[in-house]
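Enquirer: Top to bottom, those sequences are chains A and B. Read in numbering that gives the first Met the number 0, the first sequence has 250 at position 251, and its numbers run on one by one without any break. Read in numbering that gives the first Met the number 0, the second sequence has 369 at position 370, and its numbers run on one by one without any break. We put the beta carbon where it would ideally sit given N, CA and C, even for glycine. Okay, here's the structure, questions in a sec.
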Amino acid sequence: MQIPFRYVDRNTIIHRLHPLVKILYILLTLLIILTPLMEVKYVFVPLVWLVMSVILWALAQIEVSRFQTLIKLLTGTFIFLILVQGCTYRWGNTVVLHFFDLRYGETNVGTIKLEGLIFGTMLCLRILTAAVSLPLLVMTTSSSDLVNAFRWLRFPKVATFMIISALSFTTLIFEMWEYITSAQKLRAFDIDRMNPITKLRRAYVPIVTPLVLLLFRKANDFQIALETRAFGTPGDPTVMEDRPFTALDWVMLALILIVFATAQYLRIRLGAMK
Amino acid sequence: MNPLEIDLEHVTFTYEDGVEALTDLNLRVRPGEFIVVLGANGAGKSTLCFLLGGIVPHIYGGRRVGKLSVAGHDPWDEPLYVVAQYCGVLLQDPEVQLFNPSVFTEMAFGPANLKIERSEIIRRIEASIALLHLEGLEKRNPRDLSGGQKQRVALGAVLTMQPRVLVLDEPTSQLDPVGRAEVVEAIHRLKSTGEITIIMTTHETDDILDLADQVVVLDEGKIVLSGTPAQVFSQPEVLRAAGVKVPDALDILIQVNALGDQPVQVTDEQIERMDGRYVGNYTTELIRKGHLEVTRSPETPCNGSANQNPAMLEAVNVTYQYPGYPPVVALQEINLAIRAGELVGIVGQNGSGKSTLVKCFVGLLRPTRGEVRVGGKNISGTPVGRMARQVGLVLQNPDYQLFTVSSRDEILFGLHNIGIEGEEAEQKVNSALDWVGLQDEIETFPFRMSFGDRRKLAVAATVALDPQVLILDEPTTAQDHRGRYQLAEIGRRFRDEGGRTIVMITHDMDLIARYAERLIVMWNGRIILDKPTDEAFAQREVLARTFLRPPVAADVAACLRDLGVSENIITPEGLLSVLRKGKS
Numbered sequence: 000m001q002i003p004f005r006y007v008d009r010n011t012i013i014h015r016l017h018p019l020v021k022i023l024y025i026l027l028t029l030l031i032i033l034t035p036l037m038e039v040k041y042v043f044v045p046l047v048w049l050v051m052s053v054i055l056w057a058l059a060q061i062e063v064s065r066f067q068t069l070i071k072l073l074t075g076t077f078i079f080l081i082l083v084q085g086c087t088y089r090w091g092n093t094v095v096l097h098f099f100d101l102r103y104g105e106t107n108v109g110t111i112k113l114e115g116l117i118f119g120t121m122l123c124l125r126i127l128t129a130a131v132s133l134p135l136l137v138m139t140t141s142s143s144d145l146v147n148a149f150r151w152l153r154f155p156k157v158a159t160f161m162i163i164s165a166l167s168f169t170t171l172i173f174e175m176w177e178y179i180t181s182a183q184k185l186r187a188f189d190i191d192r193m194n195p196i197t198k199l200r201r202a203y204v205p206i207v208t209p210l211v212l213l214l215f216r217k218a219n220d221f222q223i224a225l226e227t228r229a230f231g232t233p234g235d236p237t238v239m240e241d242r243p244f245t246a247l248d249w250v251m252l253a254l255i256l257i258v259f260a261t262a263q264y265l266r267i268r269l270g271a272m273k
Numbered sequence: 000m001n002p003l004e005i006d007l008e009h010v011t012f013t014y015e016d017g018v019e020a021l022t023d024l025n026l027r028v029r030p031g032e033f034i035v036v037l038g039a040n041g042a043g044k045s046t047l048c049f050l051l052g053g054i055v056p057h058i059y060g061g062r063r064v065g066k067l068s069v070a071g072h073d074p075w076d077e078p079l080y081v082v083a084q085y086c087g088v089l090l091q092d093p094e095v096q097l098f099n100p101s102v103f104t105e106m107a108f109g110p111a112n113l114k115i116e117r118s119e120i121i122r123r124i125e126a127s128i129a130l131l132h133l134e135g136l137e138k139r140n141p142r143d144l145s146g147g148q149k150q151r152v153a154l155g156a157v158l159t160m161q162p163r164v165l166v167l168d169e170p171t172s173q174l175d176p177v178g179r180a181e182v183v184e185a186i187h188r189l190k191s192t193g194e195i196t197i198i199m200t201t202h203e204t205d206d207i208l209d210l211a212d213q214v215v216v217l218d219e220g221k222i223v224l225s226g227t228p229a230q231v232f233s234q235p236e237v238l239r240a241a242g243v244k245v246p247d248a249l250d251i252l253i254q255v256n257a258l259g260d261q262p263v264q265v266t267d268e269q270i271e272r273m274d275g276r277y278v279g280n281y282t283t284e285l286i287r288k289g290h291l292e293v294t295r296s297p298e299t300p301c302n303g304s305a306n307q308n309p310a311m312l313e314a315v316n317v318t319y320q321y322p323g324y325p326p327v328v329a330l331q332e333i334n335l336a337i338r339a340g341e342l343v344g345i346v347g348q349n350g351s352g353k354s355t356l357v358k359c360f361v362g363l364l365r366p367t368r369g370e371v372r373v374g375g376k377n378i379s380g381t382p383v384g385r386m387a388r389q390v391g392l393v394l395q396n397p398d399y400q401l402f403t404v405s406s407r408d409e410i411l412f413g414l415h416n417i418g419i420e421g422e423e424a425e426q427k428v429n430s431a432l433d434w435v436g437l438q439d440e441i442e443t444f445p446f447r448m449s450f451g452d453r454r455k456l457a458v459a460a461t462v463a464l465d466p467q468v469l470i471l472d473e474p475t476t477a478q479d480h481r482g483r484y485q486l487a488e489i490g491r492r493f494r495d496e497g498g499r500t501i502v503m504i505t506h507d508m509d510l511i512a513r514y515a516e517r518l519i520v521m522w523n524g525r526i527i528l529d530k531p532t533d534e535a536f537a538q539r540e541v542l543a544r545t546f547l548r549p550p551v552a553a554d555v556a557a558c559l560r561d562l563g564v565s566e567n568i569i570t571p572e573g574l575l576s577v578l579r580k581g582k583s
């Protein structure tokens, strides 16, 4: 299994980019997706941002196949969301498919409405924009760069370390999940061949229980390793690496801001259209 | 002022759950001394390390009685970041100690927390890197390094804090032979500086003979033996009773002395020179002086027999490639047949393909090319769940599988998965627990059991499925001497009494020599040696290429070759069987 969100060591312009530029890109992404844009006329707003994100990924030279797990998860989620919205959307009248009549409040949930499909698609587009943008920071920024960036942003030392530790624990959880699943398969517990209902009913206890117990143990060892290396010393540690802003950082910052401004301009112009 | 660097007076420590881990401990260590603490799993070694490093009571709570002083401080009274400045701790598992993105930042982490000046931190890092031979790795991610390199980085990260006392808690127990040798060499260099007091716990007694100034043996929290290595290792019976392995070379020397009516007591000088060659030359001398005689040398191999049974496990042109960036070829064109009833050992360094190969045999991994057959049938379409009834694989860490509230439920889980219920299942539970000697633990919560017993329970859970083949993956990792042999013994009984096929993956050459009839040596995804064990150990050049060493008994036998002793001898018992008391 490919472990998502793991730092990929490369020497590309995106990897060399100052982490503060990438953090700003993430914040602007959040602004884009949290603005309610549910009508189809706004589709270009997240699309512009999505196109820029895809270009950034291409520049980072990270293989699409690393996202297999994420793609599978998103595909399932999107199909579910679009269908649910298609059936349950309250303000839709254009019936695309009619299965049966079952009224729930003002809605006939036995039909799929065009307006619901559009609403669901717009929702998925926003989720996709977030899903494409957010991993760029952690997959192209080493944890020492992240620590420096958080320190520059005056994040508390403990909070910074919690974020970095959580990232390293994500990898650990995926690795342990694999080990535990293998160990249980060796006892004739073949989770891969169970149907989804059986999986939900009985598959996860034999996997989640050892995982949680092992994570407690690892967290304990991790605490020992940290504290015996003076992590609890009051005050800020000595700064070992400082990363100045380069011309590349300024150029990329300007480009990101221009794309953001374009997206906002589109939002306003499209909002004025009937 | 206390001239002792470590001073324990009548120290008793009890954990919060009431378990008394250390009882009335007295230990006095002078500055610059190297102390080795030995003992079986659960003897109290790690608790002692935690006590010295302040981990108890700051992380694990408990109650202490008695006086404790480390570098003139009582770690009990000070926060851990203060204790860390005079007492550094290196843990068993390098993985949990490395959390920074580069070797450089990993080593800078401790002193940076202590607000040491940047230039001074860099000076300390450079000194540690030179001492530990880590040059060129400064920018590498520690997680991408080999086991030995990781543990040396973790050691460097402690050394840059310049503690006066260094506590090493089984620093080599999770490493392969190459990694172990690298770390032991680094510890030798560290000791030779004479600037630091070191206390180290270990099961690997062979590594510490020429390191230790004092040896302390713990058993159930009490010191049962202490003194110089010569004093301690001259009492093999006490060591064995405490579950401590007598170093192989020393064990043979003591037995040879006893056989030739020589004083059993070994000297410090002998301890410093102790290895197979020394024991071989010493035995030669005893034979020349007439204290010993060579009785016979077996013409047939001591170990191994021709097996004509049909093949149980077969790999035909098997290649396996792990996906990744870049992909890693773990097995290359493997052709192998393991016959029913064989007890086969597989050795090789980490990454040589041993675990990948056995995972192919149980269907956890499907070969990229080639074919795997079990009992003559291609298993490419057989699900892992069904394979579990034919081939049982016990993984290194039992904690990846245990999840129920009792040993009974743990075994029943697998039985229910293959459709065995009711009375039949209960019988199989009892029988499996009998096999591993845990019949009295049927209702015990597995996580309350010792690591060794948890491993035995994992074996029982596999044995209960009644597989034709039992594979033990690294049964020796993090196990004490006693636990290693118990698991190997279970494997052998399963073969002898149950007529099954056993495959053991291990780094312990002595264990292989005693139990395996056939030895497979892997290197870089290929099988480079596959012979009866005694013949394989005679292939010294091939073994050397893979950084493996034959057991000490084989080294001694090689020295005695000119006196008529067969080179095929690989166990102490085999060696002693061709010697007898001389006439003088």
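With 9 Å as the limit, tell me which residues of the region 130–158 of chain B have their beta carbon closer than that to any beta carbon of chain D; keep them in chain order.
Expert: This model lacks chain D altogether, as its protein chains are A and B.
Enquirer: So, helix, strand or coil for Leu-144 (chain B), using DSSP?
Expert: Here residue 144 (chain B) is taken as the residue at index 145 of the second sequence, counted from 1. The answer is coil: DSSP assigns Leu-144 (chain B) none of H, G, I, E or B.
Enquirer: Alpha carbon to alpha carbon, how far is Val-90 (chain A) from Phe-149 (chain A)?
Expert: Walking along the first sequence from the start, residue 90 (chain A) turns up at place 91. Walking along the first sequence from the start, residue 149 (chain A) turns up at place 150. Note that residue 90 (chain A) corresponds to Trp in the displayed sequence, not to Val. About 45 Å.
Enquirer: Counting only Cβ pairs nearer than 9 Å, list the residues of chain B close to Leu-19 (chain A).
Expert: Counted from its first residue, the first sequence places residue 19 (chain A) at position 20. Under the 9 Å cutoff, chain B gives no residues; its nearest Cβ is about 18 Å from Leu-19 (chain A).
Enquirer: Report all residues from its chain with a CB closer than 8 Å to the CB of Gly-226 (chain B); omit the five preceding and five following residues, and keep chain order.
Expert: On the second sequence, residue 226 (chain B) is found 227 positions in, with the first residue counted as 1. Around Gly-226 (chain B): Gln-213, Val-214.
Enquirer: Note down the Cα distance separating Phe-98 (chain B) from Glu-105 (chain B), rounded to an integer number of angstroms.
Expert: Numbered from its first residue, the second sequence carries residue 98 (chain B) at position 99. Numbered from its first residue, the second sequence carries residue 105 (chain B) at position 106. One C-alpha to the other measures close to 7 Å.
Enquirer: If you draw a straight line from the alpha carbon of Ala-477 (chain B) to that of Tyr-321 (chain B), how long is it in whole angstroms?
Expert: Position 478 of the second sequence, counted from the start, is the residue given in the question as residue 477 (chain B). Position 322 of the second sequence, counted from the start, is the residue given in the question as residue 321 (chain B). Distance between the alpha carbons of Ala-477 (chain B) and Tyr-321 (chain B) is about 27 Å.
Enquirer: Between the C-alpha atoms of Pro-228 (chain B) and Asp-247 (chain B), what's the straight-line distance to the nearest angstrom?
Expert: Counting from 1 along the second sequence, the entry for residue 228 (chain B) is found at position 229. Counting from 1 along the second sequence, the entry for residue 247 (chain B) is found at position 248. Computed Cα separation, rounded: 14 Å.
Enquirer: Going by DSSP, what residue range makes up the alpha helix (DSSP H) through Lys-21 (chain A)?
Expert: Working through the first sequence from its first residue, we reach residue 21 (chain A) at position 22. Taken as a continuous stretch (DSSP letters only), the alpha helix (DSSP H) holding Lys-21 (chain A) covers 18–33.
Enquirer: Contact between the region 382–390 of chain B and the region 439–447 of chain B is defined here as three or more beta-carbon pairs at a separation below 8 Å; is this criterion met?
Expert: No: the two stretches stay apart, fewer than three of their Cβ pairs being nearer than 8 Å.
Enquirer: I'd like to know if Met-239 (chain A) contacts chain B, where contact means its C-beta is closer than 7 Å to some C-beta of that chain.
Expert: The sequence position of residue 239 (chain A) within the first sequence is 240, counting from 1. Yes, Met-239 (chain A) counts as interfacial toward chain B.
Enquirer: Rounded C-beta distance between Leu-542 (chain B) and Pro-549 (chain B)? I'm assuming under 8 Å.
Expert: Reading the second sequence from its first residue, position 543 is the one you call residue 542 (chain B). Reading the second sequence from its first residue, position 550 is the one you call residue 549 (chain B). About 6 Å separates the two Cβ atoms, so the contact holds.
Enquirer: Give the residues from the region 51–74 of chain A that approach chain B closer than 7 Å (Cβ to any Cβ), ordered along the chain.
Expert: Those residues of the region 51–74 of chain A that come within reach of chain B (Cβ to Cβ, closer than 7 Å) are Glu-62.
Enquirer: Counting along the chain, where does the beta strand (DSSP E) carrying Arg-27 (chain B) start and finish?
Expert: Here residue 27 (chain B) refers to the residue found at position 28 when the second sequence is read from its first residue. Per DSSP, Arg-27 (chain B) belongs to the beta strand (DSSP E) from 19–28.
Enquirer: Below 8 Å on the Cβ atoms is my contact criterion, and I expect Tyr-80 (chain B) with Thr-232 (chain A) to pass it. Report the Cβ-Cβ distance as a whole number of Å.
Expert: One-based indexing of the second sequence puts residue 80 (chain B) at position 81. One-based indexing of the first sequence puts residue 232 (chain A) at position 233. At roughly 4 Å, the Cβ-Cβ gap stays under 8 Å, so Tyr-80 (chain B) and Thr-232 (chain A) are in contact.
Enquirer: Out of B:Gly-193, B:Asp-205, B:Val-102, which one is the CA nearest neighbour of Leu-154 (chain B)?
Expert: Your numbering for residue 154 (chain B) matches position 155 in the second sequence. It is B:Val-102 whose Cα lies nearest to the Cα of Leu-154 (chain B).
Enquirer: Quick one: which residues of the region 374–387 of chain B get their C-beta closer than 7 Å to a C-beta of chain A? List them in chain order.
Expert: Cβ contacts with chain A come from Pro-382, Val-383, Gly-384, Ala-387.
Enquirer: Compile a chain-ordered list of the residues in the region 213–228 of chain A whose CB is closer than 9 Å to at least one CB of chain B.
Expert: Cβ contacts with chain B: Leu-213, Arg-216, Lys-217, Asn-219, Asp-220, Phe-221, Gln-222, Ile-223, Ala-224, Leu-225, Glu-226, Thr-227, Arg-228.
Enquirer: Name the DSSP bridge partner or partners of Cys-86 (chain B)?
Expert: Counting from one through the second sequence, the residue named residue 86 (chain B) turns up at place 87. Per DSSP, B:Val-164.
Enquirer: Considering only the alpha carbon of each residue, which of B:Val-82, B:Ser-127, B:Thr-201 lies closest to Leu-90 (chain B)?
Expert: Mapped onto the second sequence, residue 90 (chain B) falls at position 91. Comparing Cα-Cα distances from Leu-90 (chain B) to each of B:Val-82, B:Ser-127, B:Thr-201, the minimum goes to B:Thr-201.
Enquirer: Assess contact between the region 513–523 of chain B and the region 555–564 of chain B, defined as three or more Cβ pairs (one per stretch) separated by less than 8 Å. Is contact present?
Expert: As far as the Cβ criterion goes, the region 513–523 of chain B does not touch the region 555–564 of chain B, which means the pair count is below three.
Enquirer: Pick out the complete alpha helix (DSSP H) segments inside the region 101–155 of chain A, 4 residues or longer, and give them in chain order.
Expert: You should have 113–139, 142–151.
Enquirer: Thinking Arg-513 (chain B) and Thr-570 (chain B) are a contact (beta carbons under 8 Å), I'd like their distance in whole angstroms, please.
Expert: Counting from one through the second sequence, the residue named residue 513 (chain B) turns up at place 514. Counting from one through the second sequence, the residue named residue 570 (chain B) turns up at place 571. Contact flag correct, Cβ pair sits at about 6 Å.
Enquirer: Shorter than 7 Å from the beta carbon of Arg-153 (chain A) to some beta carbon of chain B?
Expert: For this step, residue 153 (chain A) is matched to residue 154 along the first sequence. So, not an interface residue.
Enquirer: Threshold first: 4 residues or longer. Then list the alpha helix (DSSP H) segments lying entirely within the region 494–580 of chain B, N to C.
Expert: Qualifying alpha helix (DSSP H) stretches, in chain order: 508–514, 532–536, 539–544, 551–558, 571–575.
Enquirer: For Ile-267 (chain A), which residues of its own chain have a beta-carbon under 7 Å away from its beta-carbon, when the five flanking residues on both sides are left out?
Expert: Translated into positions along the first sequence, residue 267 (chain A) becomes position 268. Counting only Cβ-Cβ distances below 7 Å, and skipping sequence neighbours, we find nothing.
Enquirer: Which of helix, strand or coil does DSSP assign to Phe-66 (chain A)?
Expert: The residue labelled residue 66 (chain A) in the question sits at position 67 within the first sequence. It is helical.
Enquirer: 7 Å is my cut-off, CB to CB: does Phe-493 (chain B) come that close to chain A?
Expert: Start at 1 with the first residue of the second sequence, and residue 493 (chain B) comes out as number 494. Closer than 7 Å: no.
Enquirer: Compare the Cα-Cα distances from Leu-414 (chain B) to each of B:Asp-209, B:Gly-524, B:Leu-464 and report the closest residue.
Expert: Taking the second sequence and counting its residues from 1, the one referred to as residue 414 (chain B) is at position 415. When each option's Cα is compared against that of Leu-414 (chain B), the closest is B:Leu-464.
Enquirer: I want to see whether chain A comes within less than 7 Å of Ala-42 (chain B), judged by CB atoms only; does it?
Expert: For the purposes of this step, residue 42 (chain B) is identified with residue 43 of the second sequence, where counting begins at 1. Closer than 7 Å: no.
Enquirer: How many Å lie between Arg-188 (chain B) and Ala-107 (chain B) at the Cα?
Expert: What you label residue 188 (chain B) is simply residue 189 of the second sequence in a count that begins at 1. What you label residue 107 (chain B) is simply residue 108 of the second sequence in a count that begins at 1. Rounded to whole angstroms, Arg-188 (chain B) to Ala-107 (chain B) spans 21 Å at the Cα level.
Enquirer: Are any of the Cβ atoms in chain A nearer than 7 Å to that of Arg-117 (chain B)?
Expert: Counted from its first residue, the second sequence places residue 117 (chain B) at position 118. Answer yes: the Cβ-Cβ gap between Arg-117 (chain B) and chain A drops below 7 Å somewhere.
Enquirer: Ordered along the chain, which non-local residues of its own chain (more than five positions away) have a Cβ less than 6 Å from that of Val-237 (chain B)?
Expert: As a first step, residue 237 (chain B) is located in the second sequence; it is residue number 238 there, counting from the start. The answer, listed in chain order, is Leu-224.
Enquirer: Let me know the secondary structure DSSP gives Gln-213 (chain B) once reduced to three states.
Expert: By 1-based counting over the second sequence, the position of residue 213 (chain B) is 214. Residue state, collapsed to three classes: strand.
Enquirer: What did DSSP end up calling Asp-452 (chain B) once you bin it into helix, strand or coil?
Expert: For the purposes of this step, residue 452 (chain B) is taken as the residue at position 453 of the second sequence. Three-state DSSP puts Asp-452 (chain B) in a helix.
Enquirer: Alpha carbon to alpha carbon, how far is Pro-162 (chain B) from Glu-4 (chain B)? Give it in angstroms, no decimals.
Expert: Looking up residue 4 (chain B) in the second sequence gives position 5. Looking up residue 162 (chain B) in the second sequence gives position 163. Approximately 12 Å between the Cα atoms of the pair.
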